[in-house]
Amino acid sequence: MADERAPQRTSSGPRKKRPFQRRKVCRFCADKQVTIDYKDPRTLRYFVSERGKIIPRRISGNCSKHQREITEAIKRARNIALLPIAGSHATA
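The sequence shown: position 88 = 88 (full-length UniProt numbering), numbered continuously.
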């Protein structure tokens with residue numbers, strides 16, 4: 001005969017709910033005067049991590065259209081050495 005048991009939960013208690021976080025708004029959609037330009041490394045640095053990786057859309061809060069434009073601008077700026085390819089940390 002098959003042993004019919006109810007599945008047991010491994011946790012001890014109710015699940016914890018995450019606190020509600022406000023949805024981030026794309027700063028380029030909110031302010032139409034801010035533009036994405038590969039020749040402006042100061043603006044692009046907000047979207048690059050310490051290690052030189054492009055920050056994903058879910059963290060930066062950009063819409064998909066502007067995230068693609070930022071990615072393209074960062075890659076162009078890296079290509080002409082306005083932004084470092086790797087992070088800005090010093091090696092020992």
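Ideal Cβ placement from N, Cα and C applies to all residues, glycine included. Note that this is a predicted model, so its numbers are computed, not measured.
The residues Tyr-38, in chain order, have a CB closer than 6 angstroms to that of Arg-76 in the same chain once the five nearest residues on each side in sequence are set aside.
Arg-15 has its alpha-carbon roughly 34 angstroms from the corresponding atom of Arg-27. By the Cβ test, the region 79-86 is in contact with the region 45-55, since at least three Cβ pairs between them sit closer than 8 angstroms. For Gly-61 and Glu-69, the gap between their C-alpha atoms comes out near 14 angstroms. The distance from the Cβ of Ser-64 to that of Arg-57 is about 7 angstroms, consistent with a contact at the 8 angstroms cut-off. When beta bridges are read from the DSSP output, Ile-54 appears opposite Val-48.
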